[in-house]
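Per the numbering used here, the sequence shown runs over residues -15 to 161. Written below as structure tokens is the structure these notes are about.
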Amino acid sequence: MTNSTHQSATTGFFDLHITGLGYLNRIREVRPKRGDAFWACDIAALNGPADDVGYTRFDCRISGREAEALVKRCRQAVYQGRKVLVGFKLGDLWTDTFVYSRGDKAGQTGVSLKARLLFISWIKVNGEMVYQAPRRDEQTAGNDRSAASVEPSEAGNGYAAAHAGEAAGSFDSPAMH
């Protein structure tokens, strides 16, 4: 007598996404020795209370044509020193170790948070809204791109102030290296 177990052929996948708001930095095209060139950027994501904002730095590979086009549009503003604040969604978070080559941490090992930039929901340059993604329900209905953005509801944690770019502090956060 044989005992067989039938296992389903369907494969599932679990997404881990990070959503937030943060400042764009270091927009660049990466040309690896092997493989295709790609665009990357850093995002200094805001966290904590509005009166004592903290930053978490993500080194992002930009995925998707729309996200890439939006980040490229912001490149000049970033290099002119303007504050470019974005609503974002990241995926596929991983860590990478490196050795600091200069400064007081020279020779020490550091850890970099890496992710794929999947989506930009809105962009503000120096506090002025310059882009809002259409709502998903409007996108599927084929409406124009003048729709309001999809943003988290305002909570009592300073979201509105940070979203307006008022509580964010300097463009180069202390978390940058």
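Note that beta-carbon positions come from the ideal geometry of N, C-alpha and C, so glycine has one too.
ask   = Between Y115, K98 and A29, which lies nearest to S47 when the distance is taken from Cα to Cα?
value = Residue 47 sits at position 63 when you count from the first residue of the sequence shown. Out of Y115, K98 and A29, K98 has the C-alpha closest to the C-alpha of S47.
task = Kindly indicate which residue of K89, N110 and F72 has the alpha-carbon position closest to the one of T3.
result = The count along the sequence shown starts at 1 and reaches residue 3 at position 19. Nearest option by C-alpha distance: F72.
Limits of the unbroken alpha helix (DSSP H) element including Q60 = Along the sequence shown, one-based indexing puts residue 60 at 76. It spans R49 to Y63 - the alpha helix (DSSP H) in which Q60 sits, taken as one unbroken run.
inquiry  = Can you give me the C-alpha to C-alpha distance between D(-1) and A90, rounded to a whole angstrom?
reply    = On the sequence shown, residue -1 is found 15 positions in, with the first residue counted as 1. On the sequence shown, residue 90 is found 106 positions in, with the first residue counted as 1. If I take the Cα positions, the gap works out to 36 Å.
inquiry  = Taking 8 Å as the threshold (C-beta atoms), are A51 and I107 in contact?
reply    = Your numbering for residue 107 matches position 123 in the sequence shown. Your numbering for residue 51 matches position 67 in the sequence shown. Result no, Cβ atoms of I107 and A51 do not sit closer than 8 Å.
message = Tell me which residues share the same chain as N31 and place their Cβ nearer than 8 Å to its Cβ, disregarding the 5 neighbours each side in the sequence.
response = Taking the first residue of the sequence shown as 1, we reach residue 31 at position 47. Closer than 8 Å at the Cβ level, and outside the excluded window around N31, lie G4, V37, G38, Y39 and T40.
request  = From the DSSP output, in three-state form, read off R45 for me.
outcome  = Position 61 of the sequence shown, counted from the start, is the residue given in the question as residue 45. Three-state result, R45: strand.
request  = Go through its chain and collect everything with a Cβ distance to D26's Cβ below 8 Å, but skip five positions before and after it.
outcome  = Locating residue 26 in the sequence shown gives position 42, counting from the first residue. The answer, listed in chain order, is L8, N9, R10, R41, F42, D43, C44 and M160.
request  = Quick one: give me the first and last residue of the beta strand (DSSP E) that V68 is part of.
outcome  = Residue 68 sits at position 84 when you count from the first residue of the sequence shown. Taken as a continuous stretch (DSSP letters only), the beta strand (DSSP E) holding V68 covers V68 to V83.
query = In three-state terms, what does DSSP make of D26?
reply = In the sequence shown, residue 26 corresponds to position 42, counting from 1. Of the three classes helix, strand and coil, the one that applies to D26 here is strand, per DSSP.
key: Sub-8 Å separation of G65 and L102 beta-carbons   = By 1-based counting over the sequence shown, the position of residue 65 is 81. By 1-based counting over the sequence shown, the position of residue 102 is 118. Their beta carbons are not under 8 Å apart, which means G65 does not touch L102 by this criterion.
inquiry  = Rounded to whole angstroms, what is the Cα-Cα separation between K56 and K17?
reply    = Start at 1 with the first residue of the sequence shown, and residue 56 comes out as number 72. Start at 1 with the first residue of the sequence shown, and residue 17 comes out as number 33. K56 and K17: Cα-Cα distance of roughly 22 Å.
query = What is the C-beta distance between A61 and V109, in whole angstroms, given that I count them as a contact (C-beta under 8 Å)?
reply = Translated into positions along the sequence shown, residue 61 becomes position 77. Translated into positions along the sequence shown, residue 109 becomes position 125. Correct: roughly 5 Å between the Cβ atoms.
request  = Kindly indicate the opening and closing residues of the beta strand (DSSP E) around K98.
outcome  = In the sequence shown, residue 98 corresponds to position 114, counting from 1. Taken as a continuous stretch (DSSP letters only), the beta strand (DSSP E) holding K98 covers T93 to V109.
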